[in-house]
Amino acid sequence: MAALIKKQNKRISRRGADYVEFSDPLWSNFFGPNWLATVIYDQGRFWIDQGFDGCRLRYDLRSLHGMIFCLFAALMFFLAGFGAGGLLGGVKYAAGAFAWLYGVNLVLALVRVPHAIRRSVTGE
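Quick note: the sequence shown uses my numbering, first residue 403, plus one each step.
1) Which value, in whole angstroms, describes the spacing of the CA atoms of C457 and N411?
2) Counting Cβ pairs, one atom from each stretch, are 3 or more of them under 8 Å apart for the region 467 to 481 and the region 494 to 513?
3) Give, in chain order, every unbroken run of the beta strand (DSSP E) that is at least 3 residues long and sits entirely within the region 425 to 499.
4) Grab the span of the beta strand (DSSP E) containing R413 for me, first residue to last.
5) Could you tell me the alpha carbon to alpha carbon distance between E526 and I470, rounded to whole angstroms?
6) Determine whether the beta carbon atoms of L543 and G446 lie at a separation below 7 Å.
7) What are the start and end residues of the alpha helix (DSSP H) that includes L508?
8) Just reading off the alpha helix (DSSP H) that A405 is part of, what are its end residues?
9) Ignore the nearest five residues each way along the sequence and tell me which others in R417's own chain have a CB closer than 8 Å to its CB.
10) Can you grab the Cα-Cα spacing for the pair G492 / P435, in whole Å?
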């Protein structure tokens, strides 16, 4: 998993025998490649969970910085919509912008991250 994190241009912040964590603010590599699977995530943890039925790879990813960026963009759309159509127009523009910017990025990541993990684990 450490190789996957490095391949995704994320900085490893902590590493243990059964886990690896990264912390990489969205603005740390602002002009870096934006087609990577984990580009929207600023923090994450991968660990091996050992249970009675065997080992499982688990992960927890956070996209707080991406959400804040999209909220800022939604605020800009709110102001434009407020000027054109009042409060309701502003809310419509803001909701649409946030849903499009954050929602589409998150849906893409939800599809691409498990695929990237599988490729990394199986060595493809």
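Heads up, the beta-carbon is just placed ideally off N, CA and C, and yes, glycines get one too.
In short:
1) Here the question's residue 457 lines up with position 55 in the sequence shown. Here the question's residue 411 lines up with position 9 in the sequence shown. Approximately 27 Å between the Cα atoms of the pair.
2) yes
3) 445 to 453, 456 to 464
4) Taking the first residue of the sequence shown as position 1, residue 413 is located at position 11. Segment: none, R413 is in no beta strand (DSSP E) and carries neither H nor E.
5) Residue mapping note: residue 526 aligns to position 124 of the sequence shown, counting from 1. Residue mapping note: residue 470 aligns to position 68 of the sequence shown, counting from 1. For E526 and I470, the distance between alpha carbons rounds to 34 Å.
6) Because the chain spans 403 through 526 in this model, residue 543 falls outside it and cannot be assessed.
7) Position 106 of the sequence shown, counted from the first residue, corresponds to residue 508. That run of the alpha helix (DSSP H) goes 506 to 524.
8) Within the sequence shown, residue 405 is the residue found at index 3, counting from 1. From DSSP, the alpha helix (DSSP H) with A405 extends over 404 to 409.
9) Counting from 1 along the sequence shown, the entry for residue 417 is found at position 15. The answer, listed in chain order, is A404, E423.
10) Taking the first residue of the sequence shown as 1, we reach residue 492 at position 90. Taking the first residue of the sequence shown as 1, we reach residue 435 at position 33. Their Cα atoms are separated by approximately 32 Å.
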